[in-house]
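Trainee: In the order they appear, the protein sequences are chains Y and G. Take the first sequence: its position 14, counted from the start at 1, is 14 in our numbering, and no numbers get skipped. Take the second sequence: its position 225, counted from the start at 1, is 225 in our numbering, and no numbers get skipped. From the three backbone atoms N, C-alpha and C, an ideal C-beta is built for every residue, glycine too.
2 protein chains.
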Amino acid sequence: MYSFQELSIQFNQGFEAPRFPTSPATLYEPGEYFLNIGGKRIRPVLCLLGNELFSELSQDAFHLAGAVELFHNFTLVHDDMMDEASLRRGKETVHIKYDASTALLVGDVMLIRAYEYLQRIQPQHLSAILQLFNQTAKEVCEGQQLDMDYSKMDNVSMEDYIQMITLKTSVLLAASLEMGAIVGGAGKGNRSHLYEFGKNIGIAFQIQDDYLDAFGDAAIFGKEPGGDIKQNKKTFLLLHTLAVANPAQKEQLNILLNSNPADKVEQVLQIFTDCGVGDWAENLKAQYLQKAFEHLEAIAVVSTRKEPLIALANYLMNRNQ
Amino acid sequence: MYSFQELSIQFNQGFEAPRFPTSPATLYEPGEYFLNIGGKRIRPVLCLLGNELFSELSQDAFHLAGAVELFHNFTLVHDDMMDEASLRRGKETVHIKYDASTALLVGDVMLIRAYEYLQRIQPQHLSAILQLFNQTAKEVCEGQQLDMDYSKMDNVSMEDYIQMITLKTSVLLAASLEMGAIVGGAGKGNRSHLYEFGKNIGIAFQIQDDYLDAFGDAAIFGKEPGGDIKQNKKTFLLLHTLAVANPAQKEQLNILLNSNPADKVEQVLQIFTDCGVGDWAENLKAQYLQKAFEHLEAIAVVSTRKEPLIALANYLMNRNQ
């Protein structure tokens, strides 16, 4: 059995360029460019870890890992267009480096290419894999649509926000694990527990991400904190604070959301702190982590096989970068 | 066995709304809107005709027909964005009626929904269907990219143009027929001939379409001819004329391509006529039709089964609307 780091290296070796045909270069070079700007390859490694939980690592798991990485990159290319983002991982996004039409088609062809990677697996698993992949892909689009809808709304409930985050982020992590499990021969009960493990880890991770974006140490976090606050982005922290703040704090927060003073980040952080949002977020994250580990516990394989997943969860959850 | 018209009615009955889940409505209502603005449903009916050629019409063929219609509409939604088209079939395009982000996601989710329709077929055909569908989907994206590339180039050869048209338009017609044939139990030889029939019909159809856009009767054609000329669109007619015109005609044509006189359409049509482009196009179309019918002839089924396909080809080729 391999660790996350070992599997990440193995995946990257198998996923080397070219990931596309060569012609037309005007379509496929931008695709290679984007795949080469990096990324932690978390989803494909989850696929391999899900597979390893039930069997020896199989070639099918690597095909699926390629598919989920291509799918994830398709969503990034199109999301960058919708968000009008000019940089990703410090590099120009596709619609900036090339143009919007190219980015549109590059995303489309990455999605189709993901299905080509899926198609390479053994036929007996194809139907179950396709069903899970399609369902997940649709949900990710739904999550992105809800994210855009919510960004224009004044009142978003915590429940709605968690639903959006689940669709936009968590289901792909969950499905990556489950797809690996399917080709590893796992039964439905085990598959379902593994899916729920991934889904809950995903939500816990997002809570932590929102927290670090507000309170993280720039030197460790790798970017200046406060980005979400500057953009008035709805996060776990903001939604909770709006729900529990007293009238004076709420008024002050609304003034800050509708203005842009030089010390906006500091002022918002002060209200967050006054509302005890740090402890609340830590507690909520712990609840989701606990749910995740309960599902992992329920999977009927010898506990030593679960160690790489536990190590990964701990690595993700104690991350400060 | 059913005619094109009968199959079109059957398809539309099975393909009634809702074709999507209901929520989030901000994503799926625009999808339903676009599917409801019409269209001749040629591709899904080709799927049914391909199936009928080898067997009784099966439920699988209807699933595939839905998939190709969804795929075709995905390409239309995204192409309209790239072309900045505000109307399709007289109705507002998705990015105009809603916005660009919605149109982007609606296209994405239509493509995923196409794969959900595919996934409904019997598992024993899934691998072959997925392989053909993926290959075709990728080629259609490549064709669209080439179309955009060529629109910015001064010199495009007839060979390159035919390659682009084949990818952008013909392969989906061909694959629609072949997918129906696969679930009808056709062997590889028959499938391949049917594919080539569809591909050549598609090219012949495009030659006719280019001709009608220039020389069609507005009252019958349903729209004012000359649209391609006004947009300097590269067509079979323009590329051929540029290749065979004498120096004076070529110079005059280049002046017209770089200007916009009130009688531009009439002047370009005059040069087309002087270069004998009508006869040339008629001849080229006949060559592709002949190739198509040779492939149809080679399919090993009793000839009466081929009648609906012959009727369809004749209907498409004598169409003046």
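Determine, using beta-carbon pairs with one atom in the region 210-222 of chain Y and one in the region 181-196 of chain Y, whether at least three such pairs fall under 8 Å.
Mentor: Flag = no, the region 210-222 of chain Y and the region 181-196 of chain Y do not touch.
Trainee: At which residue ranges does the region 256-289 of chain G contain complete alpha helix (DSSP H) runs of 4 or more residues, listed in the order of the chain?
Mentor: Runs of the alpha helix (DSSP H) inside the region 256-289 of chain G: 264-274.
Trainee: Is it the case that the region 155-170 of chain Y contacts the region 19-38 of chain Y, given that we only count it when at least three CB pairs across the two stretches are under 8 Å?
Mentor: No: fewer than three Cβ pairs fall under 8 Å.
Trainee: Shorter than 9 Å from the beta carbon of Asp149(Y) to some beta carbon of chain G?
Mentor: If you number the first sequence from 1, residue 149(Y) lands on position 149. Yes, because at least one Cβ of chain G sits closer than 9 Å to the Cβ of Asp149(Y).
Trainee: Over what stretch of residues does the alpha helix (DSSP H) that includes Glu178(G) continue unbroken?
Mentor: Residue numbering aside, residue 178(G) sits at position 178 when the second sequence is read from its first letter. Here the alpha helix (DSSP H) through Glu178(G) covers Val171 to Val183.
Trainee: With distance defined between alpha-carbon atoms, name the residue in Ala214(Y), Ser58(Y) and Phe205(Y) nearest to Asn318(Y).
Mentor: In the first sequence, counting from the first residue as 1, residue 318(Y) sits at position 318. The residue with the shortest Cα to Cα distance from Asn318(Y) is Phe205(Y).
Trainee: What's the gap between the Cα of Glu251(Y) and the Cα of Val156(Y)?
Mentor: Within the first sequence, the letter at position 251 stands for residue 251(Y). Within the first sequence, the letter at position 156 stands for residue 156(Y). Straight-line Cα distance between these residues: approximately 17 Å.
Trainee: Let me know if Phe20(Y) comes out buried or exposed under the rule of 16 or more other beta-carbons within 10 Å of its beta-carbon.
Mentor: Walking along the first sequence from the start, residue 20(Y) turns up at place 20. Label assigned to Phe20(Y): buried.
Trainee: For the putative contact between Lys168(G) and Asp149(G), defined by C-beta atoms under 8 Å, what is the C-beta separation to the nearest angstrom?
Mentor: In the second sequence, the residue the question calls residue 168(G) occupies position 168. In the second sequence, the residue the question calls residue 149(G) occupies position 149. So it is not a contact: roughly 12 Å between Cβ atoms.
Trainee: Let me make sure I understand the geometry here. Which of Lys91(Y), Lys264(Y) and Leu49(Y) has the alpha-carbon closest to that of Leu35(Y)?
Mentor: Reading the first sequence from its first residue, position 35 is the one you call residue 35(Y). Considering only alpha carbons, the answer is Lys91(Y).
Trainee: Alpha carbon to alpha carbon, what distance is there between Leu296(G) and Ile310(G)?
Mentor: Taking the second sequence and counting its residues from 1, one reaches residue 310(G) at position 310. Taking the second sequence and counting its residues from 1, one reaches residue 296(G) at position 296. When rounded, the distance between both Cα atoms is 9 Å.
Trainee: Can you tell me which of Gln231(G), Leu289(G), Glu266(G) and Ser55(G) puts its alpha carbon nearest to the alpha carbon of Lys152(G)?
Mentor: As a first step, residue 152(G) must be located in the second sequence, where it is residue number 152. If we check each option's Cα against that of Lys152(G), Gln231(G) comes out closest.
Trainee: When the cut-off is 9 Å and only beta carbons count, does Ala137(Y) lie next to chain G?
Mentor: As a working mapping, residue 137(Y) is identified with position 137 in the first sequence. Chain G contact via Cβ: present.
Trainee: I need the DSSP call for Glu52(Y), collapsed to helix, strand or coil.
Mentor: As a working mapping, residue 52(Y) is identified with position 52 in the first sequence. Reduced to three states, the DSSP call for Glu52(Y) is helix.
Trainee: Apart from the five residues just before and just after Ala174(Y), which ones in its own chain have a Cβ nearer than 6 Å to its Cβ?
Mentor: As a working mapping, residue 174(Y) is identified with position 174 in the first sequence. The answer, listed in chain order, is Tyr195, Gly198 and Lys199.
Trainee: My output table needs one value for Arg88(Y): the three-state DSSP class, helix, strand or coil.
Mentor: Sequence index remark: in the first sequence, residue 88(Y) carries index 88 (1-based). In the structure shown, Arg88(Y) sits in a strand (DSSP, three-state: E or B).
Trainee: Using a C-beta to C-beta distance shorter than 9 Å, which residues of chain G count as neighbours of Gln131(Y)?
Mentor: Taking the first sequence and counting its residues from 1, the one referred to as residue 131(Y) is at position 131. Under the 9 Å cutoff, chain G gives Glu116 and Gln119.
Trainee: Could you check the C-alpha separation between Gln321(G) and Ala218(G) for me, to the nearest Å?
Mentor: The residue labelled residue 321(G) in the question sits at position 321 within the second sequence. The residue labelled residue 218(G) in the question sits at position 218 within the second sequence. With a pLDDT of 44 at Gln321(G), under the threshold of 50, the predicted position of this residue should be treated as unreliable, and no value is reported.
Trainee: Rounded to whole angstroms, what is the Cα-Cα separation between Thr136(G) and Phe62(Y)?
Mentor: Residue mapping note: residue 136(G) aligns to position 136 of the second sequence, counting from 1. Residue mapping note: residue 62(Y) aligns to position 62 of the first sequence, counting from 1. If I take the Cα positions, the gap works out to 24 Å.
Trainee: Based on Cα-Cα distance, which residue from Ser55(G), Ser58(G), Lys97(G) and Lys233(G) lies nearest to Tyr33(G)?
Mentor: Against the second sequence, residue 33(G) aligns to sequence position 33. Checking every option, the nearest Cα to that of Tyr33(G) belongs to Lys97(G).
Trainee: Measure from the alpha carbon of Ser170(G) to the alpha carbon of each residue in Gly14(G), Ile42(G) and Ile37(G), then state which is nearest.
Mentor: Position 170 of the second sequence, counted from the start, is the residue given in the question as residue 170(G). Looking at the Cα atoms, Ile42(G) is the closest of the given residues.
Trainee: With 9 Å as the threshold, decide whether the Cβ of Glu178(G) is near any Cβ in chain Y.
Mentor: In the second sequence, residue 178(G) corresponds to position 178, counting from 1. No, its Cβ sits nowhere closer than 9 Å to a Cβ of chain Y.
Trainee: Distance, Cα to Cα, Glu294(Y) vs Pro247(Y)?
Mentor: By one-based count along the first sequence, residue 294(Y) stands at place 294. By one-based count along the first sequence, residue 247(Y) stands at place 247. When rounded, the distance between both Cα atoms is 39 Å.
Trainee: Less than 9 Å between CB atoms is the rule here; does Arg113(Y) satisfy it with respect to chain G?
Mentor: Position 113 of the first sequence holds residue 113(Y). Cβ-Cβ to chain G under 9 Å: yes for Arg113(Y).
Trainee: Report the option in Glu52(G), Leu87(G), His95(G) and Gly14(G) whose CA atom is closest to the CA atom of Leu176(G).
Mentor: Within the second sequence, residue 176(G) is the residue found at index 176, counting from 1. Checking the sequence shown, residue 176(G) turns out to be Ser, not Leu. Here the closest residue by C-alpha is Glu52(G).
Trainee: Does any residue of chain Y have a CB that is nearer than 9 Å to the CB of Asn134(G)?
Mentor: Residue 134(G) sits at position 134 when you count from the first residue of the second sequence. Yes, because at least one Cβ of chain Y sits closer than 9 Å to the Cβ of Asn134(G).
Trainee: Assign Lys234(Y) to one of two classes, buried (16 or more other C-beta atoms within 10 Å of its C-beta) or exposed (fewer than that).
Mentor: Taking the first sequence and counting its residues from 1, one reaches residue 234(Y) at position 234. Per the 10 Å Cβ criterion, buried.
Trainee: Could you tell me if Ala17(Y) is buried or exposed, where buried requires 16 or more neighbouring beta carbons within 10 angstroms of its beta carbon?
Mentor: Locating residue 17(Y) in the first sequence gives position 17, where the first residue counts as 1. Result: exposed.
Trainee: Touch check for the region 75-86 of chain G and the region 118-128 of chain Y: three-plus C-beta pairs under 8 Å?
Mentor: No, the region 75-86 of chain G does not touch the region 118-128 of chain Y.
Trainee: For Lys152(G), which of helix, strand or coil comes out of DSSP?
Mentor: To locate residue 152(G), count along the second sequence from 1; it is residue 152. It is coil, neither helix nor strand.
Trainee: Just how far apart, CA to CA, sit Ser127(G) and Val109(G)?
Mentor: In the second sequence, the residue the question calls residue 127(G) occupies position 127. In the second sequence, the residue the question calls residue 109(G) occupies position 109. For Ser127(G) and Val109(G), the distance between alpha carbons rounds to 22 Å.
Trainee: Excluding five sequence neighbours on each side, which residues of the same chain lie with their C-beta closer than 8 Å to the C-beta of Lys40(Y)?
Mentor: Taking the first residue of the first sequence as position 1, residue 40(Y) is located at position 40. Counting only Cβ-Cβ distances below 8 Å, and skipping sequence neighbours, we find Ser8.
Trainee: Return the residue from the list Ala103(Y), Asp60(Y), Glu56(Y) and Thr241(Y) that minimises the CA-CA distance to Leu269(Y).
Mentor: The residue you call residue 269(Y) lines up with position 269 of the first sequence. Residue Thr241(Y) is the option with its Cα nearest to Leu269(Y).
Trainee: Mind listing the chain Y neighbours of Ser101(G)? Cutoff is C-beta to C-beta under 7 Å, in chain order.
Mentor: In the second sequence, counting from the first residue as 1, residue 101(G) sits at position 101. Correct list: Met82 and Met148.
Trainee: By the 10 Å Cβ neighbour count, where 16 or more other Cβ atoms means buried, how is Thr304(G) classified, buried or exposed?
Mentor: As a first step, residue 304(G) is located in the second sequence; it is residue number 304 there, counting from the start. The residue is exposed, with fewer than 16 neighbouring Cβ atoms inside 10 Å.
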